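The structure appears right after this line, and notes come after that.
2 protein chains.
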Amino acid sequence: MTVSPPTTPARQDLIARFTDMLGPVGVITGETDTASYCTDWRNLYHGRALAVLRPASTEELSRLVQFCNEHDVPMVPQGGNTSMVGGATPDGSGREVVICLSRMNRIRNIDPNDLTMEIEAGVTLKAAQDAAREAGFMLPLSISSEGSAQIGGVLATNAGGNNTLRYGNARELVLGLEAVMPDGGVFHGLRRLRKDNTGYALRQLLIGSEGTLGFITTAILQLHPQPRAIEAALCAVDDAQAALKLLGLLRARDPALLQAFEFMSGTGMDMVIDLIPGTTLPLGERAPAYVLLELATPRPDADLREYAEDVLGDALEEGIITDAVIAESEGQRTGLWKLREEHAEAQRRAGASVKNDVSVPVTHVPELITRATVACEKLIPGIRPAPFGHMGDGNIHFNLVQPEGMAPDAFLARSHDIMNTVAAIVKELDGSFSAEHGVGQLKPYMMPSWRGGAELAAMRHIKAALDPKNLMNPGKVLPPVTPGT
Amino acid sequence: MTVSPPTTPARQDLIARFTDMLGPVGVITGETDTASYCTDWRNLYHGRALAVLRPASTEELSRLVQFCNEHDVPMVPQGGNTSMVGGATPDGSGREVVICLSRMNRIRNIDPNDLTMEIEAGVTLKAAQDAAREAGFMLPLSISSEGSAQIGGVLATNAGGNNTLRYGNARELVLGLEAVMPDGGVFHGLRRLRKDNTGYALRQLLIGSEGTLGFITTAILQLHPQPRAIEAALCAVDDAQAALKLLGLLRARDPALLQAFEFMSGTGMDMVIDLIPGTTLPLGERAPAYVLLELATPRPDADLREYAEDVLGDALEEGIITDAVIAESEGQRTGLWKLREEHAEAQRRAGASVKNDVSVPVTHVPELITRATVACEKLIPGIRPAPFGHMGDGNIHFNLVQPEGMAPDAFLARSHDIMNTVAAIVKELDGSFSAEHGVGQLKPYMMPSWRGGAELAAMRHIKAALDPKNLMNPGKVLPPVTPGT
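Structure below.
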């Protein structure tokens, strides 16, 4: 699937036609004005765009996509441009148009009986959260880029975050979708039905397809009631196996109360306490590993504090945890979360580091940590593994900090050895090479070995069927077809 | 897409080849022995089969499907054969093979930390529930056919049931799938990852595709802890609008506690009390409508009874409900559910009736009931609308019983008028013509008007891409392509 260059109309003609369709406010051209749209958030990719196009409605987008399809113009959907894998960045050809839906930024409706929000693709996740809160509800999707990330991109990449073990990923919060398909046709799937078995799950297919199968234009999102009580606790554990036991205990009692379960290694916590001013460990002594957990309920009379004390008391008695502290105030809760959130910065201060955002079945997290630690220490003696993250989802940031005294460049020169070492173990444990961030243009090369055979073949068939000219976000998700694959 | 008749090998040769592949135990032939596989559960469809084939493993199925594909043999997957829409019944040509996975009936693994069950397609839903319970967990999927329905079919049709408002449909309980694709290739998606953004959601596409895109062979299901406290209550309300307010109140307090919310009309309840011996209304007087709700929690110390009394007390005080009774014992709880479960039988005793299994957004349930009641009463004066069902999901069984004294046949002769009257209102309210049962071969004709345009076009493209010879369950879900559609 290669795209033949547009013959007629030529570049200026195309821009004139875009301007006819969208008005001057809908068309941005020129290297300077389009520059910020052509570079990804991590500054890994630098592309060029024929134009940046900003339709104001589904109808405008539909006509635009139909036009691009007819004239073989490749299209790159872009939301907040916060992709970690170059998923929204055009290539260097200058033939692609970037299409942004930031002018489609209305929250159309919040229904207090359905607990739903009808929202356009260009609304930022933060604005959506705020609107839900003002209406008395919660949109339980939170990621660090939420101030910039837009709903369209959040859904196209099936975003995750801290609270997915309780509320699910973006996918689980979507009841209905409207989308413009690669030929310009509009998929009118803006339904808010809990039960609807009428054909193939197009909504599910579009979610997580990273803009390669169409443009998500509007969504119906599922809201939840706001928690009325929250309890956060930091627990000391001997190892990840003990953390897993604690998770099992909490889930057996009531999984609906558990909204965060974060693992931290002793090494990582030491770096935070030693390198980040103002942090202290609110426990008697340092431990080999820690869990930060958060319980929450919308129920006003749930005695959540008592419940937290009971369950942690039992965990202490059974020897699952060795110490625990429950936050006594909102300030203390913020302090506990600071210990978790400063991990990235502490690791940066400790030296060069290599990051792996991987997931495995929750049961296998201890084995992942043990095996990857041993393997990396064997690879580079003195290396400092500091795994942490969303253990409740099996999603561990397996980060490794350079040995003390080693030259950072020498360490970083081993990056691929380290990543391959971790990846091999993740693969053996039936894990994923991209837990949250997707494939984008950074990782399609990994698809054949991780998702190959009938799975990748089916993905290719679907892509070719819905986008036969390969005009929707080309080069993303699927690797190029090469002879023999 | 039409299938050309197999030329070579001929019918007997094919059966010999099947026997080579599967052994004699894997092949059933002859009209008598295949009869029960060729008739649907409702006795609406009567087909014929070249053979009924029972592979014992994914590998055997894979080779079988590849063979059928190469020799243009159409394949009809069949689980417990409990489809309500003829979804698993072969056509009358005698050219199709029925393929059953009932020999693949192992529960491979229950993981208490992951709260997952790895299970083969041929296990009945009831056996899966029992195994989960014995391991101390709950598989929260329950349908009336669960004694016969098999996991493969349950997932292929995205089954629903009574407790979906709390735990979701079948789709929400599936973490991973293995499937044999139409060309015989094996999709190795038996993962149990909560976060995995690596390409298109094939798992989601297969769920609900009713066997038209491949065979589901094994699944990883999500388990939940068993409830340790359950409270059931019957409430009297003035109308569906009041029932909706009660639902809103319960959801605002804590949606995680609400596991059933069933609406019943006064007309339907009167029929139950008047026509089913041993039923009594445990309230002071009869009401225009009722809600049967059930609260549950795995938390041992949740004071659920006190919570139920509080919330229903508030609902009484606010005038949302006019009366309520909470079951004092398991026997009383069973008695309350009997009032709900005997609706179908009571309606049968009251005369001929017409059934509509529809869904609308939860907010629109009152409007559906009001408008459809008025429209049907106008159509046939004296008709007795008795809507009831899963109001928490927006899924109402809008059933209508004949006027007293009318000849049943005369009433049933108006079935299509009645169904069309209800369907027109459901459609205006953005509802679904098949909430739970799927499309099968009964309802493909409704797809163009309800799911037409870009949506049906995309479904057709996907079907053609994955099953270009249209050999997987032909004639199901998608209507035949006719000129102009």
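Protein chains in written order, with the numbering used here: chain A, 264 to 748; chain B, 264 to 748. We treat Cβ as the ideally placed atom computed from N, Cα and C, and that holds for glycine. These numbers were taken from a predicted model, which means no experiment stands behind them.
- Under the three-pair Cβ rule at 8 Å, the region 329-336 of chain B does not count as touching the region 399-408 of chain B.
- Relative to A390 of chain A, the option among A:K601, A:E409, A:A279 and A:V288 whose CA is nearest is A:E409.
- Against chain A, the CB of F450 of chain B has a partner CB under 8 Å away; the residue lies at that interface.
- Counted as a single uninterrupted DSSP element, the stretch harbouring D586 of chain A is not any alpha helix (DSSP H) but the beta strand (DSSP E) occupying residues D586 to I589.
- With its beta carbon less than 8 Å from one in chain B, H700 of chain A belongs to the interface.
- Taking a Cβ-Cβ threshold of 7 Å, the residues of chain B close to W713 of chain A are T461, in chain order.
- The DSSP-derived three-state label of G652 of chain A is strand.
- Within the region 382-403 of chain B, not one residue has a Cβ closer than 7 Å to any Cβ of chain A.
- Put simply, the CB of E409 of chain B is far from chain A, with every gap to its CB atoms at 8 Å or more.
- For N372 of chain A, the uninterrupted beta strand (DSSP E) segment begins and ends at I370 to D374.
- In this chain, the beta strand (DSSP E) harbouring F478 of chain B covers F478 to Q485.
- Looking at the backbone, the Cα of F450 of chain B and that of G416 of chain B are separated by about 17 Å.
- One thing to note: P353 of chain B has its Cβ within 8 Å of the Cβ of A312 of chain B.
- Contact annotation for N421 of chain A against chain B: N460 [CB-CB distance below 7 Å, chain order].
- Residue state for A492 of chain A is assigned as strand, using DSSP reduced to three classes.
- Contact of L428 of chain A with chain B by beta-carbon distance below 9 Å involves R457.
- At a C-beta separation below 7 Å, F696 of chain B has these neighbours in chain A: T461.
- In the pairwise beta carbon analysis, the region 629-639 of chain B is classified as touching the region 676-687 of chain B: at least three pairs are separated by under 8 Å.
- Residue state for P629 of chain B is assigned as helix, using DSSP reduced to three classes.
- In the displayed model, N658 of chain A falls within a strand according to three-state DSSP.
- Judged by beta-carbon spacing, E473 of chain A lies within the 8 Å limit of N736 of chain A, meaning their Cβ atoms are closer than that value.
- A578 of chain B is positioned such that its CB atom lies no closer than 8 Å to that of I589 of chain B.
- In the structure shown, Q413 of chain B falls within a strand segment according to DSSP collapsed to helix, strand and coil.
- With fewer than 16 other Cβ atoms inside 10 Å of its own Cβ, E397 of chain B counts as exposed.
- Leaving aside the five residues that flank T292 of chain B on each side, the residues in its chain whose CB is nearer than 7 Å to its CB run, in chain order, I278 and A314.
- Sequence-distant Cβ neighbours of E441 of chain B in its own chain, meaning closer than 8 Å and more than five residues away, are T321, V449, F450, H451, G452, L453, I479, T480, T481 and A482.
- When secondary structure is reduced to three states using DSSP, T560 of chain B falls in the strand class.
- The Cβ-Cβ distance between L418 of chain B and A433 of chain B falls below 8 Å.
- Per DSSP, the unbroken alpha helix (DSSP H) holding D672 of chain B starts and ends at P671 to L675.
- The beta carbon of P287 of chain B sits closer than 7 Å to no other beta carbon from its chain once the five residues preceding and following it are set aside.
- Of all residues in the region 711-745 of chain B, those with a C-beta nearer than 7 Å to a C-beta of chain A are W713, R714, G716, A717, E718, A720, A721, M722, H724, I725, A727, A728, L729 and V740, reading in chain order.
- R516 of chain B is positioned such that its CB atom lies no closer than 8 Å to that of L378 of chain A.
- By the Cβ-count criterion, V443 of chain A is buried, with 16 or more other Cβ atoms from all chains shown falling within 10 Å of its own Cβ.
- Of the candidates B:D693, B:I632, B:G657 and B:D656, B:I632 places its Cα closest to the Cα of L663 of chain B.
- One finds P624, V625 and T626 in chain A with Cβ atoms closer than 7 Å to the Cβ of D377 of chain B, taken in chain order.
- For chain A, the residues of the region 550-574 of chain B that bring a beta carbon within less than 9 Å of one of its beta carbons are T560, P561, R562, P563, D564, A565, D566, E569, Y570 and D573, in chain order.
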